[in-house]
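Each remark here refers to the structure printed beneath this line.
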Amino acid sequence: MKSQLLMANTLLAATLYGSAAQADDLTLCWAAWDPANALVELSKGFEAQSGHKMNFEFVPWPNFADRMLNELNSGGKLCDLLIGDSQWIGGAAENGQYLKLNSFFEKEGISMDDFIPATVTGYSEWPKNTPNYYALPAFGDVVGWTYRKDWFERPELKKEFKAKYGRDLGVPASLAELKDIGEFFQGRDIDGKTVYGAAIYTERGSEGITMGVTNALYNYGFAYENPNKPYDIDGFVNSDGAIEGLEFYKDLYDCCTPPGSSDWYMGANIDAYKSGQVAMQMNFAFIWPGVEADPNVGGGKSGYFPNPAGPAGQFAQLGGQGISVVSSSKKRAAALDYIKWFATPKVQQDWWTAGGYSALSAVVEDPSFASSQPYAQTFLDSMAIVKDFWAEPSYASLLLPMQARVHNYVVAGQGTAKQALDGLVKDWDEVFEDEGKK
Amino acid sequence: MLKSPADRAAMATPVRVARRIKGLSDRAIAWIFVTPTIIILLSINIFPLIWTIWLSFTNFRVNRPNNEVDFIGLRNYERILTDPDTWLTMQSTAHFLFWTIFFQVLIGFALAYLINKKFKGNDMWTTIIVLPMMLSPAVVGNFWKFLYQPQIGFFNYVVSFFTGVEPTSFSMIGDVSLAPWSIVIVDTWMWTPFVMLICLAGLRSIPDSIYEAAECDRAGKWRQFWTITIPMVLPFLMLAILFRGIENFKMFDLVVQLTGGGPGSTTELTSINLKREAFEKWRTGYASAYAVILFVTVFGLASIYVKALNRVKAR
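Heads up: the protein sequence lines correspond to chains G and C, in order.
So the first sequence is numbered by our numbering: it starts at 1 and just counts up by one.
So the second sequence is numbered by our numbering: it starts at 1001 and just counts up by one.
See the structure below:
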């Protein structure tokens, strides 16, 4: 009896000690936005299950890249887990800042085949299209459009639009039609207020205007490089189609945006839309749950559509992020526990319900998914047409000249579209030469 | 008998220590006191400067610690000085520097002249005028962004009230021709009080007896202003110009919050450009060369200016 009691005590002590030794304080870093709040709630399930404590470091979008890339480059210990932007994957992988997850996925039976292919390529792989994984797709996101369905359905507006353009006022089938709608609403008086056509991305400081303009460029024929010769960009970045696409974006900015929208990104577009300033807004899909819940524009007053097609096809700018384990973390095992938990179908389903965009195929391919939210089908359609910006290690060096060149032309009105894109080719060539890739 | 503080300090020194320093010369003791300061200065000022100069001749990138660092001679300097964008940012900086200093000196001196007169509520007005410089530049940048909003901004409505121009017809921070002035206006609003305070100190340092003597000589107010006030305030004014010049040459936070360097690169000052090269593109070698060029420029101009200032003070 005595020996049994001793054994029981020893076992209890071992269990207590064991759990105390394994319980870690984990810090997850991400951008400060609505989905992050949903993740805080979701993670309570992980805390209850694992005994680990979750802390969060959320940085506003305009400073997110600056702050987190500084953290990674300096080998900082702030983040154990990082939901980093898709374009950081190349640099983080090559500089050893993210843990390679292949063997972990293999051991835990996590298959990348279970996730939406575009998100695996966009958020997890480096080099692209190779089975080297540095992140688990965490949040699927894509640029799409929100519109004032209630305004579009007003009989007097429908009649006037039909008379002017010879077609019904509805979801635009092309970018040209989108511009017509923008022009139609620009400066119009609705319920005693002057409203404008569309809020589009024009922000200069971080990545805003690039994330916007690419939605026009892709659809008019812009390509990042020669598909047969990597880093051969002349004639692709500045092709005739690309020039036309850039001109289109400038026309859209000039004709159809609210006065003073020269430096707008996600937050400003949301504000303009929710306050009834604009008929349409370009924005990432993450905002749609918030739009639906808004008393002014939600509850059926808004509709959603994917980025409309252009003469060269229909594409949309990929957003979203994967979740990675930071190599400098001392709590890698606990961080991997979190990823294992996050990858489970049940948690992924809860993630979608909570307002996060799951990238797990089982969730989005469920027959009930498309009708689960008014924007769910648009999300699926948009995720099928995504393209992403460079994810090279020199991503920032490629992004900054694009921000400057495009903003100079579209917002500042300096030079021509051709000069802007020719200049961009020169800048990007210089970066690739510095990198020894050309 | 009361001992002097020096005697008491000597008595308090432990015998072992006293024995050890007894043989030291005054020079050695001086070195003991100065050495920690020299070490700190060397490690946080001189070493980084020399290290920056060295890096400016390399292709080093701080975010690629495993890459080989090559010595590339003057290539970084050549690229910077032949890059048209560098000269555009220099032009933007020169425009910002010249006009902010011009307006701040003009308005700051005028305000100081008014505040220097005795009137009711003098102290209250001084406090109100200096409030803007107590705010954080980032906060100032953010709220002026709202003031400049064509649809809701107070600034556009004020302009509209006085000129009759439609408030939504112009955008201070979105228009290439207006954006450089938008940053000049905000900086002037924020820092004129600083110039005013320095001028006020200058005005208050002028003895009344000089004006009284001038009045005895029947000098008019205008003559007193040009021959007494201006010459005696001039060293203070020049000091204010030096401080504001150095501050505005490295202006960053206010402009980043207000315009982000836009539209296009219209308000991209050298400090913003340098930050983008160093901490967004991570071209450390290139950014080091850029920093060295800026350092030499500021140091050279400041040295010439300080010599001129000393000459004015000596008069």
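Ideal placement from N, C-alpha and C gives every residue a C-beta, glycine not left out.
query = Of the residues PHE64/G, SER43/G, SER397/G, which one's Cα is nearest the Cα of MET485/G?
reply = Because chain G is modelled from 1 through 438, residue 485/G falls outside the range shown and cannot be assessed.
key: Proximity below 7 Å, CB of THR1126/C to CB of ASN1248/C   = Working through the second sequence from its first residue, we reach residue 1126/C at position 126. Working through the second sequence from its first residue, we reach residue 1248/C at position 248. Contact annotation: THR1126/C and ASN1248/C have beta-carbon atoms that are not nearer than 7 Å.
inquiry  = Under 6 Å: does the beta carbon of ASP263/G sit that close to some heavy atom of the ligand MG?
reply    = With respect to the ligand MG, the structure offers nothing, as it holds no ligand at all.
query = Can we say the stretch 1256-1268 of chain C touches the stretch 1139-1151 of chain C, given the rule of at least three CB pairs closer than 8 Å?
reply = Under the three-pair Cβ rule at 8 Å, the stretch 1256-1268 of chain C counts as touching the stretch 1139-1151 of chain C.
task = With DSSP as the reference, label ASP168/G as helix, strand or coil.
result = Your numbering for residue 168/G matches position 168 in the first sequence. In the three-state reduction of the DSSP assignment, ASP168/G falls in the coil class, being assigned neither a helical nor a strand state.
query = Residue range of the beta strand (DSSP E) that TRP145/G falls in?
reply = Within the first sequence, numbered from 1, the residue matching residue 145/G stands at position 145. Judged by DSSP secondary structure, TRP145/G falls within the beta strand (DSSP E) whose first and last residues are 143-148.
query = Of all the CB atoms in chain G, is at least one closer than 7 Å to the CB of PRO1180/C?
reply = Numbered from its first residue, the second sequence carries residue 1180/C at position 180. With a threshold of 7 Å between beta carbons, PRO1180/C makes no contact with chain G.
query = Would you say PRO308/G reaches chain C, if we count a Cβ-Cβ gap shorter than 7 Å as a contact?
reply = Taking the first residue of the first sequence as position 1, residue 308/G is located at position 308. Judged by the 7 Å Cβ criterion, PRO308/G is not in contact with chain C.
request  = Report the residue from VAL1184/C, MET1232/C, MET1172/C, SER1182/C whose alpha carbon sits nearest the alpha carbon of LEU1200/C.
outcome  = Counted from its first residue, the second sequence places residue 1200/C at position 200. Closest in alpha carbon position to LEU1200/C, among VAL1184/C, MET1232/C, MET1172/C, SER1182/C, is MET1232/C.
task = Look at PRO311/G and GLY91/G and say whether their C-beta atoms are less than 7 Å apart.
result = On the first sequence, residue 311/G is found 311 positions in, with the first residue counted as 1. On the first sequence, residue 91/G is found 91 positions in, with the first residue counted as 1. At least 7 Å separates the beta-carbon of PRO311/G from that of GLY91/G.
message = So, with DSSP's three-state summary, where would you put CYS255/G?
response = Looking up residue 255/G in the first sequence gives position 255. In the three-state DSSP reduction, CYS255/G falls in the helix class (H, G or I).
Positions along the stretch 1056-1076 of chain C whose CB lies within less than 8 Å of some CB in chain G = Cβ contacts with chain G: ASN1059, VAL1062, ASN1063, ARG1064, PRO1065, ASN1066.
task = Mark PHE389/G as exposed unless 16 or more other C-beta atoms lie within 10 angstroms of its C-beta, in which case mark it buried.
result = As a first step, residue 389/G is located in the first sequence; it is residue number 389 there, counting from the start. PHE389/G comes out buried.
query = Quick one: is PRO1193/C buried, meaning 16 or more other Cβ sit within 10 Å of its Cβ, or exposed?
reply = As a first step, residue 1193/C must be located in the second sequence, where it is residue number 193. Here PRO1193/C is buried, its C-beta having at least 16 other C-beta atoms within 10 Å.
message = Can you tell me where the beta strand (DSSP E) holding ASP434/G begins and where it ends?
response = For this step, residue 434/G is matched to residue 434 along the first sequence. It is not in any beta strand (DSSP E) - ASP434/G instead sits in the alpha helix (DSSP H) that spans 417-434.
message = Spatial neighbours of ASP434/G within its chain, please: C-beta separation below 6 Å, excluding the five flanking residues on both sides.
response = Taking the first sequence and counting its residues from 1, one reaches residue 434/G at position 434. Within the same chain, no residue comes within 6 Å of ASP434/G by CB-CB distance, once the 5 residues on both sides are set aside.
request  = Answer yes if the stretch 356-364 of chain G comes into contact with the stretch 264-280 of chain G, meaning at least three C-beta pairs across the two stretches below 8 Å, and no otherwise.
outcome  = By the criterion of at least three beta-carbon pairs nearer than 8 Å, the stretch 264-280 of chain G is not in contact with the stretch 356-364 of chain G.
query = Counting contacts by CB-CB distance shorter than 7 Å, is ALA21/G in contact with chain C?
reply = Stepping through the first sequence from its first residue, residue 21/G is reached at position 21. Its pLDDT being 48, under 50, ALA21/G is placed unreliably by the model, and the measurement read from it follows with that caveat. For ALA21/G, the answer is no, since every Cβ of chain C falls outside 7 Å of its Cβ.
key: Run of the alpha helix (DSSP H) containing GLN321/G, from where it starts to where it stops   = Position 321 of the first sequence, counting from 1, holds the residue named residue 321/G. Note, GLN321/G: premise wrong, no alpha helix (DSSP H); beta strand (DSSP E) at 321-325.
message = Please tell me whether ALA118/G and VAL386/G are closer than 7 Å, where the distance is taken between their beta carbons.
response = As a first step, residue 118/G is located in the first sequence; it is residue number 118 there, counting from the start. As a first step, residue 386/G is located in the first sequence; it is residue number 386 there, counting from the start. The answer is yes: Cβ separation under 7 Å.
query = Straight-line CA distance for MET1190/C to ALA1012/C?
reply = On the second sequence, residue 1190/C is found 190 positions in, with the first residue counted as 1. On the second sequence, residue 1012/C is found 12 positions in, with the first residue counted as 1. If I take the Cα positions, the gap works out to 53 Å.
inquiry  = Between ALA1314/C and chain G, is the shortest Cβ-Cβ distance under 7 Å, so that the two count as touching?
reply    = Position 314 of the second sequence holds residue 1314/C. Closer than 7 Å to the CB of ALA1314/C there is not a single CB belonging to chain G.
inquiry  = Can you confirm whether ASP263/G, when its beta carbon is compared against all beta carbons of chain C, has any partner nearer than 7 Å?
reply    = Here residue 263/G is taken as the residue at index 263 of the first sequence, counted from 1. Cβ-Cβ to chain C under 7 Å: yes for ASP263/G.
ask   = Going along chain C in order, which residues have a C-beta closer than 8 Å to the C-beta of ARG204/G?
value = Translated into positions along the first sequence, residue 204/G becomes position 204. Ordered by position in chain C, the residues that pass the 8 Å Cβ test against ARG204/G are THR1259, GLY1260, GLY1261, GLY1262, PRO1263, GLY1264.
task = Report yes or no: is there a C-beta of chain G within less than 7 Å of the C-beta of PRO1150/C?
result = Here residue 1150/C refers to the residue found at position 150 when the second sequence is read from its first residue. For PRO1150/C, the answer is yes, since a Cβ of chain G falls inside 7 Å of its Cβ.
request  = Answer yes or no: does any C-beta atom of chain C fall closer than 7 Å to that of ALA272/G?
outcome  = Within the first sequence, residue 272/G is the residue found at index 272, counting from 1. Residue-level contact check: ALA272/G does not touch chain C, since none of the beta carbons of chain C fall below 7 Å from its beta carbon.
task = Tell me, please, which residues DSSP counts as bridged to PRO137/G.
result = As a position in the first sequence, residue 137/G is number 137, starting the count at 1. Answer by DSSP bridge pairing, in chain order: GLY322/G.
request  = Can you check the stretch 187-263 of chain G for any alpha helix (DSSP H) of at least 4 residues that lies completely inside it and give the ranges in chain order?
outcome  = Positions of the alpha helix (DSSP H) runs, each at least 4 residues long and wholly inside the stretch 187-263 of chain G, are given as 208-220, 240-256 in order along the chain.
inquiry  = Is THR1270/C close to chain G? Criterion is C-beta to C-beta, closer than 7 Å.
reply    = Taking the first residue of the second sequence as position 1, residue 1270/C is located at position 270. Judged by the 7 Å Cβ criterion, THR1270/C is not in contact with chain G.
ask   = How should CYS256/G be labelled, buried or exposed, when 16 other C-beta atoms within 10 angstroms of its C-beta is the threshold for buried?
value = The residue given as residue 256/G occupies position 256 in the first sequence. Note on CYS256/G: 16 or more other CB atoms within 10 angstroms of its CB, so buried under the neighbour-count rule.
task = Would you identify the three-state DSSP class for THR27/G, choosing helix, strand or coil?
result = Working through the first sequence from its first residue, we reach residue 27/G at position 27. Strand at THR27/G.
query = If you run the structure through DSSP and keep just helix, strand and coil, what is ILE270/G?
reply = Locating residue 270/G in the first sequence gives position 270, counting from the first residue. If DSSP states are grouped into helix, strand and coil, ILE270/G belongs with the helices.
key: LYS1281/C classed as buried or exposed, judged by whether at least 16 other C-beta atoms fall within 10 angstroms   = Looking up residue 1281/C in the second sequence gives position 281. Result: buried.
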